[in-house]
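Engineer:
Residue numbers (the numbering used here), protein chains in the order written: chain R, 41 to 140; chain S, 36 to 518; chain L, 68 to 296.
#1: Which two residues bound the contiguous alpha helix (DSSP H) that contains residue 95 of chain R?
#2: On the three-state DSSP scale, how would you describe residue 257 of chain S?
#3: Nearest CA to the CA of residue 292 of chain S: which residue from S:126, S:448, S:142 and S:162?
#4: Any idea if residue 242 of chain L is buried or exposed, counting beta-carbon neighbours within 10 angstroms, 16 or more meaning buried?
#5: Give me the chain S residues within the contact set of residue 259 of chain L, using Cβ-Cβ distance strictly less than 8 Å, ordered along the chain.
#6: Does residue 245 of chain L get closer than 9 Å to chain S when you measure Cβ to Cβ?
#7: Could you work out which residue in S:121, S:42, S:449 and S:55 is closest to residue 314 of chain S when comparing CA atoms only?
#8: Roughly how many whole angstroms lie between the Cα atoms of residue 122 of chain R and residue 108 of chain S?
#9: Quick check on residue 97 of chain R - is its C-beta less than 9 Å from some C-beta in chain L?
#10: Taking the Cβ atom as the reference point for each residue, do residue 144 of chain S and residue 258 of chain L lie within a distance shorter than 9 Å?
#11: Here's the rule I'm using: 16 or more other beta-carbon atoms within 10 Å means buried, otherwise exposed. How should residue 250 of chain L be labelled?
#12: Among the candidates L:234, L:167 and L:84, whose CA atom is the shortest distance from the CA of residue 65 of chain R?
#13: Please confirm whether any heavy atom of the ligand FMN lies closer than 8 Å to the CB of residue 101 of chain L.
#14: Assuming residue 104 of chain L is part of the alpha helix (DSSP H), what are its boundary residues?
#15: Who are the Cβ neighbours of residue 47 of chain S in its own chain at under 8 Å, not counting the five residues just before and after it?
#16: Is the Cβ-Cβ distance between residue 104 of chain R and residue 69 of chain R less than 9 Å?
#17: So with CB distances below 8 Å, who are the chain R contacts of residue 149 of chain L?
#18: Under a three-way DSSP split, which group does residue 131 of chain L fall into?
#19: Identify the contact partners of residue 133 of chain L in chain R, using a Cβ-Cβ distance below 9 Å as the criterion.
#20: Could you say which of S:142, S:44 and S:171 lies nearest to residue 58 of chain S if we only look at CA atoms?
#21: With which residues is residue 161 of chain S paired in a DSSP beta bridge?
#22: Alpha carbon to alpha carbon, how far is residue 97 of chain R from residue 218 of chain S?
#23: Please compile the residues from chain S whose C-beta is within a distance smaller than 8 Å of the C-beta of residue 120 of chain R.
#24: Once DSSP output is grouped into helix, strand and coil, what is the label at residue 385 of chain S?
#25: Do you know offhand how far residue 214 of chain S's Cα is from residue 236 of chain S's?
#26: Once you ignore the five residues that flank residue 498 of chain S on each side, which residues in its own chain have a CB closer than 6 Å to its CB?
#27: With DSSP run on the structure shown, which of helix, strand or coil describes residue 105 of chain S?
#28: At least one CB of chain R closer than 9 Å to the CB of residue 215 of chain S: is that the case?
#29: Per DSSP, residue 329 of chain S forms a beta bridge with which residues?
#30: Rounded to whole angstroms, what is the Cα-Cα separation between residue 120 of chain S and residue 366 of chain S?
#31: Using the three-state DSSP reduction, which class does residue 138 of chain S fall into: helix, strand or coil?
#32: If we define contact as Cβ-Cβ less than 9 Å, is residue 105 of chain L a contact residue for chain S?
#33: Under 9 Å between the Cβ atoms of residue 89 of chain S and residue 45 of chain S?
#34: Which residues, in chain order, does the segment 245-278 of chain S contribute to contact with chain L at a C-beta distance below 9 Å?
#35: Within the 9 Å Cβ cut-off, does residue 111 of chain L reach chain R?
#36: Cβ closer than 8 Å: which chain S residues qualify as neighbours of residue 144 of chain L?
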């Protein structure tokens, strides 16, 4: 059996990459993809722990996280489309009517 | 699932069915009837308040439900506060919805679902119920922030709120997953039992830190505050009132419950971090507010500072601290909504009425409103005859008794700074001659201003009932924490 | 257990290969300039993660991961990326001071997490590890008591069942209310996406009747038009 900590570290890599993407990218959609990476890392971590603990409770989280991710995707992409309609850009820095 | 369980969940059931009905109502005509939508929403809120009373006496739910939710006085306190706040925001929103450019039914329905999410947050004792409630609130808030979709600023506000909100949810979740691994459960009581035996477990500590970072985003505390000024400025003003009051209060409800119920024995590991966050929020929020000329931005920074004050109550980990959080949330809600109602009062088009200059000479054209605004600002600043003083008194006393005298000193100094920028508005209203700000007080806004004025003064002069109520509400949580 | 994936060599190779692909493709997700390429690499990452889920014994979650993420969310992403004219977007500036800070913070975060997680301390296991198949099963059986009346007795057992069954039992018993809340936020998302995404029509546009309906052309006229008579 693969040690749990390997899965945890894989999760940490994906999570850190997601954070890195959020911090470095300026394109709204790519930022959102990085957020999805973070969420996937969370799912991986939950399941790795659930396997280690032999408990289904960690597994259940993944379903709720997926439902939230789907809902967030719908709302977020609608917001991006609305913004694109206004400004012809989804660059979070170009969207600077109000300064950061 | 038994009948008792359904009774127990009655407020949430009433709200979610009501929210769906609000969506379906336009099908039978009256698509653009904002007035009908407003009254339907108010009716729904009355029904919800009644359901909260019924559910509070519903007894203990069955085991499956009882591990996820409770209906303790703490939850009831916050649920009632949410209903009152949303009712006021409903009235504030009526004006901008009545011109028919934006659909009122969907707006109120989203508001109802957001309220439902806040109620789940207030009553959740398992991180999953808190999380789903939080997400329900957040999703509705993203949409509401972008509700002026013909205004670029509103859409930008929604985008910034969404991107940063989704990131913070991811961080929060990662923290929860690490806590799950360390504790083996995400029920707050199970966490508190597990945590008591594992001081110094690093995975647990980093999990708690990530969870705390996510929560700090939701309450808009420094260094996770960058979204606040832009979102508060860009969102429609009633939605800003909603974000700065309702969703902040809800976030503090879970902040307090998670830290008091679940993580109290881990206090030595997180207290210095929370203390730093509280100090930074007070300093950055107040100093940045001084330089603002836009009232909405100024109030946004001031709300960051208020998050800092309220964190003192979480930090103190004592009965008086938790009591302080509850009292502060109550008085903050009234003063804050009153202030936003005043900003609404001065609006000429969607966004006007938001510069400090717009308040010039208000004293002459509308003396009652000018007086009300002074009372709200005094309450936000924490000056004695108003309710804000009681709230700050409890929080600062809690900080001192918990050994954070230095934080209390910062808090007092920063309150003085805050009076400086609040008084800029007072000076504008009383000492300057403006172009006689054209005040168009609609009935609803006038009603809200008067209600908030009465509440702020009454709670300040006769605070005994509020203090006793807060003491009763925190009893179950404090008993648990001291065990 | 005789799960073939448990054989050390095979499972090790699977983990290393799939994990490496997942890491490589997620690096590409955050570094590709074109969002379409990012989206496709994200899809690859999702699939790798789904394989890892299955290898951990969570078959049902793996299947849902493919359906929801790869099937639903990614299609939505690609749809929007296509809708927004990617070519016309201004070029992103790479290697600015802030992006270097971001890289630094990401790497720092990873080092901290890796050091802490590698040492690996977690709560004691409830069941035997690697057992995501145990469900709490409540059986209701009628029993005739001494007085001749029939009463229902509930027996709670922990049975080893399939992963999907175990998940179903937990989802609809212990997590029923959060599950209902999930339906609420999906509804909110649906309403919100329509409210925000729908282009607001002017009153004149909304009222306007399309030309082909407004202009009622009778068959005879059409015939005349076609034949040129």
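Note that beta-carbon positions come from the ideal geometry of N, C-alpha and C, so glycine has one too.
Structural biologist: Per the coordinate set shown:
#1: Careful: residue 95 of chain R lies outside any alpha helix (DSSP H) and carries neither H nor E.
#2: DSSP places residue 257 of chain S outside both helix and strand once states are collapsed to three, so it counts as coil.
#3: Checking every option, the nearest Cα to that of residue 292 of chain S belongs to S:162.
#4: Residue environment analysis places residue 242 of chain L among the buried positions, since at least 16 neighbouring C-beta atoms fall within 10 angstroms of its C-beta.
#5: The contacting residues are 145, 174, 175, 177 and 178.
#6: Yes - at least one Cβ of chain S is within 9 Å of the one on residue 245 of chain L.
#7: If we check each option's Cα against that of residue 314 of chain S, S:449 comes out closest.
#8: Those two C-alpha atoms are separated by around 42 Å.
#9: Output row for residue 97 of chain R: interface = yes.
#10: Yes, they are a contact pair.
#11: With fewer than 16 Cβ atoms within 10 Å of its Cβ, residue 250 of chain L is classed as exposed.
#12: With distances taken between Cα atoms, residue 65 of chain R lies closest to L:167.
#13: Ligands are entirely absent from the displayed structure, and the ligand FMN is therefore not among its contents.
#14: Residue 104 of chain L -> alpha helix (DSSP H) spans 102-122.
#15: Sequence-distant Cβ neighbours of residue 47 of chain S in its own chain, meaning closer than 8 Å and more than five residues away, are 151, 154 and 155.
#16: Contact annotation: residue 104 of chain R and residue 69 of chain R have beta-carbon atoms that are not nearer than 9 Å.
#17: Annotation: residue 149 of chain L has no Cβ neighbours in chain R at a cutoff of 8 Å; minimum Cβ distance is about 11 Å.
#18: Residue state for residue 131 of chain L is assigned as helix, using DSSP reduced to three classes.
#19: Those within 9 Å of residue 133 of chain L in chain R number zero; the least Cβ separation is about 11 Å.
#20: For the residues S:142, S:44 and S:171, the minimum Cα distance to residue 58 of chain S belongs to S:142.
#21: In the DSSP output, where bridge partners are listed per residue, residue 161 of chain S has S:222.
#22: Approximately 12 Å between the Cα atoms of the pair.
#23: Those are 194, listed as they occur along chain S.
#24: Interpretation of residue 385 of chain S is limited by its pLDDT of 49, a score under 50 that renders its predicted location unreliable; the figure taken from the coordinates is listed afterwards. DSSP places residue 385 of chain S in coil when its eight states are reduced to three.
#25: Straight across, the Cα-Cα distance linking residue 214 of chain S with residue 236 of chain S is about 10 Å.
#26: Here the set comprises 425.
#27: DSSP places residue 105 of chain S in coil when its eight states are reduced to three.
#28: Interface residue, yes.
#29: According to DSSP, which records beta bridges pairwise, residue 329 of chain S is partnered with S:390.
#30: Straight-line Cα distance between these residues: approximately 11 Å.
#31: In the structure shown, residue 138 of chain S falls within a coil segment according to DSSP collapsed to helix, strand and coil.
#32: So no, residue 105 of chain L is outside the interface.
#33: Pairing residue 89 of chain S with residue 45 of chain S gives a Cβ-Cβ distance under 9 Å.
#34: So nothing in the stretch comes that close.
#35: It does not; no Cβ of chain R falls within 9 Å.
#36: Below the 8 Å Cβ cutoff, chain S contributes no neighbours of residue 144 of chain L, its closest Cβ being approximately 14 Å away.
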